[in-house]
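These protein sequence lines are chains A and B, in that order. For what it's worth, our numbering labels the leading residue of the first sequence as 6, then goes sequentially. For what it's worth, our numbering labels the leading residue of the second sequence as 6, then goes sequentially. By construction, the Cβ of each residue, glycine as well, lies at the ideal position given by its N, Cα and C atoms. Here the structure is a predicted model, which is why all the values come from computation and not from measurement. Here the structure comes first, spelled out in structure tokens, and everything after it is commentary.
2 protein chains.
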Amino acid sequence: MKKLKIKNVILNGKRKDILIADGKILKISKKIKEKSDCEIEGKNLAALPVFFNMHTHLAMTLFRGIGDDLPLKRWLTTKIWPKELLLTPEKIRKGTEIGLKELKKSGCPFFCDMYWWPQETAKLVIKHKMGGILGVPFIGKGPLIFSKRFALKNFFELKKVVKNYPSIKIAIAPHAIYTVSKNNLVWAKDFARKNNLYYHIHLAETKEEIKFSKEKYGLTPVEFLDKLRILDEETILAHCVHLEEKDIKILARRKSLLVYCPTSNMKLGVCGVFPFRRLKDSSALIALGTDGVASNNNLDMLEEMKIGALLQKHHFCRPEEIKAREIFEAATKIPANFLKIENEIKKGNLANLILVDLTLEEFSGGKDIISHLVYSANYNCVKYLIFNGEIIYQRN
Amino acid sequence: MKKLKIKNVILNGKRKDILIADGKILKISKKIKEKSDCEIEGKNLAALPVFFNMHTHLAMTLFRGIGDDLPLKRWLTTKIWPKELLLTPEKIRKGTEIGLKELKKSGCPFFCDMYWWPQETAKLVIKHKMGGILGVPFIGKGPLIFSKRFALKNFFELKKVVKNYPSIKIAIAPHAIYTVSKNNLVWAKDFARKNNLYYHIHLAETKEEIKFSKEKYGLTPVEFLDKLRILDEETILAHCVHLEEKDIKILARRKSLLVYCPTSNMKLGVCGVFPFRRLKDSSALIALGTDGVASNNNLDMLEEMKIGALLQKHHFCRPEEIKAREIFEAATKIPANFLKIENEIKKGNLANLILVDLTLEEFSGGKDIISHLVYSANYNCVKYLIFNGEIIYQRN
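Here is the structure:
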């Protein structure tokens, strides 16, 4: 059993030694004398939980910076879709590899993805010793049709790839309520329930979607999915920008995971804001995501936390609207709890943690490390990323 | 005459060699055979202009992360002001040194500052071979009074420190229209004109300021300063969040430099947005600034460009509201032109440039380096900062 010792690291404001073995945190104390196979001197480091990026289209690193600053429809129809039509498994591998490196360097070993050929993504996630929910895409309208048959093919291939790798979970990922029929939305949920899968969908992102939903179904998108009995504790809803009070009540009750994607929402001008305070006060579960790189244009969870907090303060004209710790928890603790993945640095837990470099100027001034992580630092502060007890990334 | 050669660097989309000597760009061509004393291999680098951070309170690095997420008034009265009362020249030096390091690593050799003891800041700017407009603070209301007499004392001391260092320029910096009397605002402008100084003031930042101005003077803050003949080509106005159409016309006509501070405005919830598009379309001069670290909480101009562009797109619900190149110019070309500092990489100009690392994942995807700088990269991409022909920063 290989042992890793982190010495003199700041953990919750105190200097500690941390001993890791067999993927788990064996011991935390002021001084651990026990020998180890590998040692990290932590005197300039702080130990913190890892980040979860809960809405991505990872291989879209291929389209970074393509068609920025265009109106949404023109961006999709003239830039993104034509390029997506030319995607191949090989290109997906290339884009995914870049994305995984970006995720790791921002202290994020786990992501919730929705993109083509998840079976290819899975192979790379395993190679990098990371984790994720990989969504099998499913779309019935638009230039690209992913039929039920194609989804099933992808699903069975993906299942085979990940069967001995518990850090990858599978989702069925119907694109949105305006691109997948009511019957297929329901079929996908039934399939997910039967196969013990998550259900990952874009929801209430634009005003056009709300209009569509009300006109076609006479319901808000949230009411519509709720009526179809799709909202539950295995459902992940990306965006949730345009919500009414009744939607918030439903979402809080169903305990689906709501993924706030502030940068993407701002960059695409979706004309609304994820109602963080109201959702949080209603005990809804809030996570954070970067969305795809094409609308961000990176995967830096530290930057995402800052932009997420700033957007709330700006939009509601209140500096006190959201606290650094709340957005930090949306990036760490809340998604971990939702996924039942241990992400608290304590004895007996799986060793999932980052070590951040406190010598950077960004950590000068006050003593609140969470504030500095949210408002001051960027991914550059992440010196080590440890996932399931292994160092999967180290900044030189 | 010491010579520096940058080989094979990407400049405006093409591979070039750049030869620098005596502070200036001696030659740019496909292949320079001439020998040099120092060589940078640029095959993974792109050369771009340097950034100008046009509104800072540099030594406030001391207060980073102190009192985040509090209502504005409580933040100032319970956190910032009590700490500022205890400032000493020694503390100012400590905070400034941290700030200068942060500026350099984000590719920014020049800043426009307003803070206590500018003569101490000046000594450090000279030490670091950087440049700036250092403002002599002047405030008549609040817990800290900086009288005319104190301003004059500071001014003469500062003048002595910078007299042989042309990269530092001096401003008189009355805090705001609600903390400095009408007579003193005018006295400061007269003093600036007589002594060939810039005039740096906070303007139209909060709704309270607009209310104050209209109630006390029957004018908007912009109209008020214009009536006092303070607005001209040597005036720098930080914030300009709450503007009416008539203000925009005045500002465009007077050619004062307007400093957009998006992160600070969002973090403090000032409840409005710098009207970038309307100002730009009126030919007003727009620069970019981080404001003090206490309300940002860093000095990263790359992050500031991204947040600045996102805020416009969000607020006006239009992805096309602002283009990457426009915010990039607000951070580079426009302030440089205003200050008459050469910041274009061409033969004969002063050698002011950054070299950015194109091997980072953030530069993958599309080919538009400006897009990647604005939306994807952070300060981590800056490998070299060259100011007045000297390498003043190099990332290891």
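(message) Considering Cα atoms alone, identify which of A329/B, S300/B, T364/B is closest to L77/B.
(response) When each option's Cα is compared against that of L77/B, the closest is S300/B.
(message) Can you pull the chain B neighbours of I103/A, defined as C-beta to C-beta under 7 Å?
(response) Chain B residues near I103/A: E366, S369.
(request) Give a yes or no on whether the C-beta atoms belonging to I25/A and A341/A are separated by under 8 Å. (result) Contact flag unset, no.
(message) So if DSSP puts M119/B in a beta bridge, which residue, or which two residues, is it bridged to?
(response) Looking at the DSSP assignment, M119/B forms a beta bridge with G140/B.
(message) For chain A, check one thing: does any of its Cβ atoms lie closer than 8 Å to the Cβ of H60/B?
(response) No, no contact with chain A.
(request) Rank V55/A, K187/A, A209/A, E39/A by C-alpha distance to the C-alpha of Y222/A and give the top, closest one. (result) Checked all of V55/A, K187/A, A209/A, E39/A; the closest Cα to Y222/A is K187/A.
(message) With a threshold of 8 Å between beta-carbons, can W3/B be considered close to chain A, or not?
(response) Since the first and last residues shown for chain B are 6 and 401, residue 3/B lies out of range.
(request) Whole angstroms is fine: what's the gap from C386/A's alpha carbon to S152/A's? (result) Rounded to the nearest whole angstrom, the C-alpha separation of C386/A and S152/A is 43 Å.
(request) Quick one: which residues of the stretch 275-293 of chain B get their C-beta closer than 7 Å to a C-beta of chain A? List them in chain order. (result) Contact annotation: in the stretch 275-293 of chain B, residues whose CB is within less than 7 Å of a CB in chain A are C276.
(request) Using a Cβ-Cβ cut-off of less than 7 Å, give me the residues of the stretch 91-123 of chain A that come near chain B, in sequence order. (result) Within the stretch 91-123 of chain A, the qualifying residues are I103, K106, E107.
(message) Below 8 Å on C-beta distance, what does V298/A contact in chain B?
(response) Residues of chain B passing the Cβ test: G370, S381.
(request) Could you tell me if D42/A is buried or exposed, where buried requires 16 or more neighbouring beta carbons within 10 angstroms of its beta carbon? (result) Exposed: under 16 other Cβ atoms inside 10 Å.
(request) Please list the partners that A329/B has in chain E, where partner means a Cβ-to-Cβ separation under 9 Å. (result) The displayed structure is made up of protein chains A and B, and chain E is not among them.
(request) Decide if G353/A is buried, meaning its Cβ has at least 16 other Cβ atoms within 10 Å, or exposed. (result) It is exposed - the Cβ of G353/A has fewer than 16 other Cβ atoms within 10 Å.
(message) 8 Å is my cut-off, CB to CB: does I350/A come that close to chain B?
(response) Answer no: the Cβ-Cβ gap between I350/A and chain B never drops below 8 Å.
(request) With a threshold of 16 other CB atoms inside 10 Å of the CB of I150/A, please say whether the residue is buried or exposed. (result) Looking at its Cβ environment, which holds fewer than 16 other Cβ atoms inside 10 Å, I150/A is exposed.
(message) Do I138/A and H205/A count as a contact pair if the criterion is CB distance below 8 Å?
(response) The Cβ atoms of H205/A and I138/A sit closer than 8 Å to each other.
(message) Considering just the uninterrupted stretch of the alpha helix (DSSP H) at F160/A, what are its terminal residues?
(response) Its alpha helix (DSSP H) spans residues 153-167.
(request) Kindly indicate which three-state DSSP category D22/B falls into: helix, strand or coil? (result) The answer is strand: DSSP assigns D22/B an E or B state.
(request) Please state if the CB of G18/A and the CB of I71/B are separated by a distance shorter than 8 Å. (result) For the pair I71/B and G18/A, the CB atoms are not nearer than the 8 Å cut-off.
(request) Pick helix, strand or coil for T240/B, following the three-state DSSP scheme. (result) Looking at T240/B - three-state DSSP - the assignment turns out to be strand.
(message) What residue range does the beta strand (DSSP E) around S34/B cover?
(response) Looking at the DSSP string, the run of the beta strand (DSSP E) that includes S34/B is 29-34.
(message) Check this for me: beta carbons of Q317/A and R283/A, under 8 Å apart or not?
(response) Contact flag unset, no.
(message) At the 8 Å Cβ level, is L315/B part of the contact set with chain A, yes or no?
(response) Residue-level contact by beta carbon holds for L315/B and chain A, with a gap shorter than 8 Å.
(request) Going by CA-CA distance only, name the one from I177/B, K132/B, L224/B, E210/B that's closest to K199/B. (result) Cα-wise, what sits closest to K199/B is I177/B.
(message) Comparing C-alpha positions only, which one of E107/B, S111/B, V298/B sits nearest to V55/B?
(response) It is S111/B whose Cα lies nearest to the Cα of V55/B.
(request) Tell me, to the nearest whole angstrom, how far the beta carbon of L2/A is from that of L378/A; I am working on the premise that it is less than 8 Å. (result) Outside the shown range of chain A (6 to 401) lies residue 2/A, about which nothing can therefore be said.
(request) Mind reading off the beta-carbon distance from L293/B to A336/B? Whole number of angstroms is fine, and I expect it under 8 Å. (result) About 4 Å separates the beta carbons of L293/B and A336/B, which is inside the 8 Å limit, making them a contact pair.
(request) Check the C-beta distance from A257/A over to S287/A and give it rounded, since I have them as a contact under 8 Å. (result) Confirmed, about 4 Å.
(message) Counting only C-beta atoms, is S415/B closer than 8 Å to chain A at any point?
(response) One cannot answer for residue 415/B here, as it falls past the ends of chain B, which runs 6 to 401.
(message) Please report the straight-line C-alpha distance between F333/A and E395/A, rounded to a whole angstrom.
(response) C-alpha of F333/A to C-alpha of E395/A: approximately 23 Å in a straight line.
(message) Within the continuous beta strand (DSSP E) that includes P179/B, where are the two ends?
(response) Unbroken beta strand (DSSP E) run through P179/B: 173-179.
(request) Drop a sphere of 10 angstroms on the beta-carbon of S269/A, count the other beta-carbons inside from all chains shown, and report buried for 16 or more, exposed for fewer. (result) Taking all protein chains in view, the Cβ of S269/A is crowded by 16 or more other Cβ atoms within 10 Å, so the residue is classified as buried.
(request) Starting from V264/B, follow its DSSP beta bridges and name the residues at the other end. (result) Checking the DSSP bridge columns, you'll see V264/B partnered with A243/B, A292/B.
(message) So for V361/B, helix, strand or coil by DSSP?
(response) Strand.
(request) Excluding the 5 residues preceding and the 5 following A127/A in the sequence, name in chain order all residues of the same chain whose CB lies nearer than 7 Å to its CB. (result) Counting only Cβ-Cβ distances below 7 Å, and skipping sequence neighbours, we find L139, L163, V166, V167, I173.
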